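Structure first, commentary second.
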Amino acid sequence: MSSFAPTSSSSDDGPNCASFDAADAVFFAGIDKIPYRTGGGANDTMAFRHYDAKQVVMGRTMEEWLRFSVCFWHTFRGTGADPFGFPTLVRPWDDGSNSMENAKRRLRAAFEFFVKLGVKYWTFHDRDIAPEGDTMAETNKNLDEITDLALELQKQTGVKCLWATCNLFASPMYMNGAASNPDSHVVAYAAAQVKKGMEIAVKLGAENFVFWGGREGYHTILNTNILTELTNMANFFKMAAAYKKKLGFAGTLLIEPKPKEPSKHQYDYDAMTVIGFLKHFGLDKDYKLNIEPNHTTLAGHGYEHDIIMASAFGMLGSVDSNTGTPDLGWDTDQFPMDIKNATLVLKAILEQGGLAPGGLNFDCKVRRESTDLRDMFISHIGAMDTFARGLKCAAAILEEGVIPGQVKERYSSFQSGIGEKINKGQTSFEELEDFITKNGAPSNPSGRQEHYESMMNHLCLNTGHQD
3 MSSFAPTSSS
13 SDDGPNCASF
23 DAADAVFFAG
33 IDKIPYRTGG
43 GANDTMAFRH
53 YDAKQVVMGR
63 TMEEWLRFSV
73 CFWHTFRGTG
83 ADPFGFPTLV
93 RPWDDGSNSM
103 ENAKRRLRAA
113 FEFFVKLGVK
123 YWTFHDRDIA
133 PEGDTMAETN
143 KNLDEITDLA
153 LELQKQTGVK
163 CLWATCNLFA
173 SPMYMNGAAS
183 NPDSHVVAYA
193 AAQVKKGMEI
203 AVKLGAENFV
213 FWGGREGYHT
223 ILNTNILTEL
233 TNMANFFKMA
243 AAYKKKLGFA
253 GTLLIEPKPK
263 EPSKHQYDYD
273 AMTVIGFLKH
283 FGLDKDYKLN
293 IEPNHTTLAG
303 HGYEHDIIMA
313 SAFGMLGSVD
323 SNTGTPDLGW
333 DTDQFPMDIK
343 NATLVLKAIL
353 EQGGLAPGGL
363 NFDCKVRRES
373 TDLRDMFISH
383 IGAMDTFARG
393 LKCAAAILEE
403 GVIPGQVKER
413 YSSFQSGIGE
423 KINKGQTSFE
433 ELEDFITKNG
443 APSNPSGRQE
453 HYESMMNHLC
463 LNTGHQD
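Given below as structure tokens:
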């Protein structure tokens with residue numbers, strides 16, 4: 003079993019609540035910093051039961067393995083509106099205006115939330131945090147002013163920027179895409195926007211920069227030249243990589259796959275599609291992937307599929323930790339609460355040695371029916387506890403060693419003889435035919451799927467607090 007080293011409490015660790023200006027801590031009155039405690043009842047949802055930031059698992063603290071981040075767009079710009087209903091989430095700090103004053107209040111509320119929740123990272127789109135002006139110059143001026151405040155709040159609280167990104171999908175100008183747009187004027191505008199976005203990422207010390215091609219795709223092939231669009235998009239990514247070097251940005255550039263929605267078909271369909279695109283255009287040394295499991299399931303894969311595929315090729319950079327409702331068929335951005343899913347994700351992360359400089363970013367939104375401010379905390383607490391449980395279960399699987407050992411044994415025929423030649427690409431059809439002539443037909447060994455599932459259930463059920 004896993005060798006855990008729990009602490010008595012992590013309630014005083016994490017972002018520096020004491021250094022946060024008390025005058026700003028007014029948006030979540032009556033809610034203190036979320037504690038870690040065991041022994042509470044089922045109704046005790048405003049405390050961590052499993053996420054103990056300083057608890058050591060496989061040689062590192064939970065905080066180091068998990069690197070939790072809160073996204074600004076859903077958590078502080080979400081209104082609860084959907085295609086069938088008006089906004090339901092009314093926040094006391096948000097007057098609904100597009101003013102700089104309102105933008106600054108949102109940001110101050112966000113940092114109070116980060117501190118009280120106890121996360122060390124946040125993420126944002128450029129258009130989330132600052133109002134868009136009538137010109138790019140005015141928009142950039144707004145960004146400069148808002149990021150001045152963000153930098154000040156980061157210094158006060160110790161909260162860091164996990165990654166920044168640009169919204170290249172909401173504006174009407176991007177209705178036919180950004181980097182893949184059939185109009186070169188739009189591509190140029192998108193490049194100018196990303197240039198500024200990368201500059202503010204450097205300013206805020208972002209550890210990564212993400213590209214999500216929400217409209218990089220097509221709705222009908224009748225008006226689309228796929229090769230032109232993919233070539234232009236690749237050249238766009240090459241320019242971004244070149245500007246990263248010019249800026250001296252040390253962070254990782256990440257691409258986030260999604261199969262559909264809003265486009266009928268998006269060019270970044272899934273992990274293997276993106277990896278193939280990057281390798282084809284010679285970009286695989288400049289970019290890694292930011293995997294969102296809700297997007298993975300939209301592509302028809304299992305929850306952990308894209309994370310494992312990206313990791314297998316050394317391309318997993320970060321995870322947008324959410325889930326969806328597969329029977330609905332669209333991206334619902336729910337908080338992840340399934341321990342089995344979290345275990346499979348964390349097993350891949352442990353096996354590759356961690357996610358840094360990436361992290362587990364909660365690209366999630368509370369349900370439109372969850373209207374209390376406490377629901378903002380409860381949703382994140384539950385998801386953080388889920389991944390903490392998943393971390394402990396994954397560590398138990400790896401440290402106990404039975405499952406990895408039996409998987410290794412299953413592939414043992416490739417360690418010597420003709421199997422080793424196959425694995426190393428040192429044989430031919432003729433030699434393999436000769437091998438079969440001499441050795442006859444193979445046996446049919448069981449894959450024992452149920453055996454592995456039963457072992458995983460046993461390890462996870464028997465992995466809990468060791469206080």
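At position 303 of the sequence shown (counting the first as 1) the number is 305 in our numbering, and the numbers step up by one without a gap. We treat Cβ as the ideally placed atom computed from N, Cα and C, and that holds for glycine. Predicted model, so just to flag it, every value in this text is computed and none were measured.
Check, Outcome
"Inter-stretch contact (C-beta, 8 Å, three-pair minimum) for the stretch 359 to 373 and the stretch 333 to 346", "yes"
"Limits of the alpha helix (DSSP H) - the one that T149 falls within", "138 to 159"
"Exposure label - L255; buried when at least 16 CB within 10 Å", "buried"
"Range covered by the beta strand (DSSP E) that runs through Y289", "289 to 293"
"According to DSSP, residues forming a beta bridge with S320", "N292"
"Span of the alpha helix (DSSP H), counted from its first residue to its last, around A398", "375 to 402"
"Cβ pair R471, G361 closer than 8 Å", "Lying before the first or after the last residue shown, residue 471 is absent from the chain, which here runs from 3 to 469."
"Host alpha helix (DSSP H) of L249 (start-end)", "228 to 249"
"Anticipated Cβ contact below 8 Å, F211 with W165, distance rounded", "6 Å"
"The stretch 433 to 453 contacting the stretch 367 to 382, beta-carbon criterion three pairs below 8 Å", "no"
"Distance, L285 Cα to M457 Cα", "40 Å"
"Supposed close pair G207, C163 - CB separation, criterion 8 Å", "6 Å"
"Buried or exposed by the 16-neighbour rule on C-beta atoms within 10 Å, applied to N227", "exposed"
"Residue nearest to M177 in terms of C-alpha spacing, selected from G215, H297, E432", "G215"
"Identified DSSP bridge partners for S445", "None, per the DSSP bridge assignment."
"Cβ-Cβ distance between M339 and A385 below 8 Å", "yes"
"Close-in-space but distant-in-sequence residues of the same chain around K143 (CB under 8 Å, 5 per side omitted)", "G135"
"Stretch pair the stretch 145 to 165 + the stretch 107 to 127: three plus CB contacts closer than 8 Å", "yes"
"Where the alpha helix (DSSP H) containing V189 begins and where it ends", "186 to 205"
"Coarse secondary structure for Y454, derived from DSSP in three states", "helix"
"Cutoff 8 Å: L229 Cβ touching any chain B Cβ", "No chain B appears in the structure shown, which is made up of a single protein chain."
"Between the CA atoms of S182 and M235 - distance to the nearest angstrom", "5 Å"
"C-beta contact flag for A398 and T465 at 8 Å", "yes"
"Per DSSP, the bridge partner or partners of C462", "DSSP output for C462 lists no bridge partner at all."
"Under the three-state DSSP convention, the category Q57 falls into", "coil"
"I309: first and last residue of the uninterrupted alpha helix (DSSP H) it sits in", "307 to 314"
"Beta-carbon contacts of A20 that lie in its chain and below 7 Å, excluding the five residues immediately before and after", "Any reading at A20 must be qualified, since the residue scores a pLDDT of 44, below 50, and its modelled position is unreliable; no value is offered."
"Backbone secondary structure at N363 - three-state DSSP", "strand"
"Under the three-state DSSP convention, the category L91 falls into", "coil"
"Other residues of its chain near A25: CB distance less than 8 Å, five sequence neighbours each side excluded", "Bear in mind that the predicted position of A25 carries a pLDDT of just 47, short of 50, making it too unreliable to give a figure here."
"Per DSSP, cross-strand counterpart(s) of F50", "Y38"
"Helix, strand or coil at K118 [DSSP, three-state]", "helix"
"Touching by the beta-carbon criterion (3+ pairs, under 8 Å), the stretch 405 to 417 and the stretch 72 to 85", "no"
"Beta-carbon gap between G2 and I341 smaller than 8 Å", "Any property of residue 2 remains undetermined from this structure, which presents the chain solely from 3 to 469."
"Beta-carbon proximity check, L291 vs A314, cutoff 8 Å", "no"
"Extent of the continuous beta strand (DSSP E) to which H76 belongs", "Element bounds for H76: not the beta strand (DSSP E) but the alpha helix (DSSP H), 74 to 79."
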